[in-house]
Amino acid sequence: MNTLEFKAIGVVKSQFKSLEEMPIQPTGDLASPGYLEIEESYVEGLKDLDGFSHLYILYHFHKVKQSKLLVKPFMDDAVHGVFATRAPVRPNAIGMSVVAIDRIEGCRIYIQNLDVLDGTPLLDIKPYVPAFDLPQAPVRVGWLDKPAEAIQARKSDQRFV
Ligand SMILES: C[S@@+](CC[C@H](N)C(=O)[O-])C[C@H]1O[C@@H](n2cnc3c(N)ncnc32)[C@H](O)[C@@H]1O
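Just so we're aligned: the sequence shown equals residues 1 to 161 in full-length UniProt numbering.
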């Protein structure tokens, strides 16, 4: 197996200092503000990002110290294969969220809808482009076929650390 090494391009700053009671997805709290603090050496790469309203952020679930192939996720009491979930305890502890951009000021990208712990290392950001990312065929969402209210009602806990 290849061992890969990534460098953080910055850090996620959010209001969530503890895993307890934080949102479990961006749509779990649409008002949840925060910002991405980009390392000075990467700031040139933000040129023209201000033309986009939404952003994919990719980050390292840095508090997770284990990996599991079968998990009981936040959204269900049944056990599922980790790759059929968004649980943090993955072989590569990489998280991905779509967030709304408020504004960009220097090395800071102010965003909304965060489901990420404060201090999380940021691996990459990419603009959200519906013409690239919205599937045209009917979409099936398996066991995650839950109403939006269910996502807002569930909150995080410490089960994965
Ligand atoms: C279910 S994951 C979903 C994250 C992302 N939207 C995704 O789909 O990859 C969100 C949960 O990950 C956990 N979490 C967030 N940041 C973390 C971090 N830096 N280390 C460990 N766990 C974290 C919290 O429990 C949070 O509620």
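Ideal Cβ placement from N, Cα and C applies to all residues, glycine included.
As the structure is a computational prediction, the values presented were derived from the model and not from experiment.
Exposed unless 16 or more other CB atoms sit within 10 angstroms - verdict on residue i
{"i": "residue 15", "result": "exposed"}
{"i": "residue 13", "result": "buried"}
{"i": "residue 115", "result": "buried"}
{"i": "residue 163", "result": "Because the chain is modelled from 1 through 161, residue 163 falls outside the range shown and cannot be assessed."}
{"i": "residue 3", "result": "exposed"}
{"i": "residue 71", "result": "buried"}
Inter-residue Cα distance where the pair is residue i and residue j
{"i": "residue 43", "j": "residue 148", "result": "35 angstroms"}
{"i": "residue 46", "j": "residue 29", "result": "26 angstroms"}
{"i": "residue 117", "j": "residue 139", "result": "29 angstroms"}
{"i": "residue 52", "j": "residue 110", "result": "13 angstroms"}
{"i": "residue 40", "j": "residue 122", "result": "14 angstroms"}
Nearest-angstrom Cβ-Cβ length linking residue i and residue j, presumed shorter than 8 angstroms
{"i": "residue 155", "j": "residue 23", "result": "7 angstroms"}
{"i": "residue 75", "j": "residue 146", "result": "6 angstroms"}
Residues bridged to residue i (per DSSP)
{"i": "residue 126", "result": "56"}
{"i": "residue 11", "result": "37 and 121"}
{"i": "residue 155", "result": "23"}
* List in chain order: all unbroken beta strand (DSSP E) runs of 3+ residues lying wholly within the region 30 to 113. => 34 to 38, 54 to 60, 94 to 105 and 108 to 112
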